[in-house]
Amino acid sequence: MSAADLLLHDGALAALRAHAAAAAPREACGLLAGPAGDAAIADEALPSPNLAPAGTEDAFEIDAALHLAAQREQRARGRRVVGIYHSHPRSAPLPSARDRAGAWDFGLVWLIVGQDGACRAWWPGPQGFVEARIVRAS
Ligand SMILES: [Zn+2]
Numbered sequence: 728m729s730a731a732d733l734l735l736h737d738g739a740l741a742a743l744r745a746h747a748a749a750a751a752p753r754e755a756c757g758l759l760a761g762p763a764g765d766a767a768i769a770d771e772a773l774p775s776p777n778l779a780p781a782g783t784e785d786a787f788e789i790d791a792a793l794h795l796a797a798q799r800e801q802r803a804r805g806r807r808v809v810g811i812y813h814s815h816p817r818s819a820p821l822p823s824a825r826d827r828a829g830a831w832d833f834g835l836v837w838l839i840v841g842q843d844g845a846c847r848a849w850w851p852g853p854q855g856f857v858e859a860r861i862v863r864a865s
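One rule links them: number in my numbering = place in the sequence shown (from 1) + 727.
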């Protein structure tokens, strides 16, 4: 594990893949949560409704109220929101131009599920997204 890695538990991965499959052809989105600390550890997927306007292709918008509530609930349990996830039902798990424009919180890792279920993770930053290595855990 290095500081840039995302430790991803199988349960969280299965949950967000199921969410992505259920939401298709719309994008699915949600939050990743795990133990507090510097390491990015995701052992829980918290689905959000996609609040992007109906008819908007290839877009997602996480419910801000759900995000705030999750931050409070996780903190109360010694945990934190470590990232966000969304799906690309028609393309590879690479950040889109819209994703780049929408990334403003550089402390949250982005996990993207591609059309074939493959996942890649990215850290947003001032120079754009940098890929994070996904380390699987059961
Ligand atoms: Zn995207």
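Glycine residues also receive a C-beta, built at the ideal position from the N, C-alpha and C atoms. Since we're looking at a predicted model, the values are computed, not measured.
Between residue i and residue j, is the Cβ-Cβ spacing less than 9 Å?
i: residue 789; j: residue 733; result: no
i: residue 816; j: residue 754; result: yes
i: residue 729; j: residue 860; result: yes
For the candidate residues the options, whose alpha-carbon lies nearest to that of residue i?
i: residue 865; options: 807, 756, 771; result: 771
i: residue 842; options: 833, 813, 759, 835; result: 813
i: residue 776; options: 760, 764, 756; result: 756
i: residue 747; options: 764, 762, 774, 766; result: 774
i: residue 806; options: 863, 854, 759; result: 759
i: residue 837; options: 862, 745, 810, 738; result: 810
i: residue 855; options: 862, 737, 830; result: 830
i: residue 764; options: 804, 818, 794, 844; result: 804
i: residue 866; options: 802, 808, 738, 799; result: This structure cannot speak to residue 866, because the chain is shown only from 728 to 865.
i: residue 735; options: 766, 801, 750, 792; result: 766
i: residue 828; options: 852, 844, 793, 840; result: 852
i: residue 818; options: 844, 849, 739; result: 844
If you follow the alpha helix (DSSP H) that residue i is part of, which residue opens it and which one closes it?
i: residue 746; result: 737-750
i: residue 829; result: 824-829
i: residue 769; result: No alpha helix (DSSP H) holds residue 769; the beta strand (DSSP E) holding it covers 767-769.
i: residue 800; result: 791-803
Within the present structure, is the beta-carbon of residue i separated from the nearest heavy atom of ligand 3 by less than 8 Å?
i: residue 775; result: The model depicted lacks ligand 3 and carries ligand 1 instead.
Which stretch, first to last residue, makes up the beta strand (DSSP E) that contains residue i?
i: residue 858; result: 857-859
i: residue 762; result: 756-762
i: residue 848; result: 846-850
i: residue 814; result: 806-814
i: residue 838; result: 836-840
Step through the CB atoms of chain C and report whether any lies within less than 9 Å of the CB of residue i.
i: residue 842; result: Note that chain C does not occur in the displayed structure, where there is just one protein chain.
Please determine if the stretch 819-834 and the stretch 777-784 are in contact, where contact requires at least 3 C-beta pairs separated by less than 8 Å. A contact between stretches requires three or more CB pairs, one per stretch, nearer than 8 Å, and the stretch 819-834 fails this requirement with the stretch 777-784.
Run the Cβ filter for me: residues under 5 Å from any heavy atom of ligand 1, listed in the order they occur in the chain. Selection output, chain order preserved: 823, 826.
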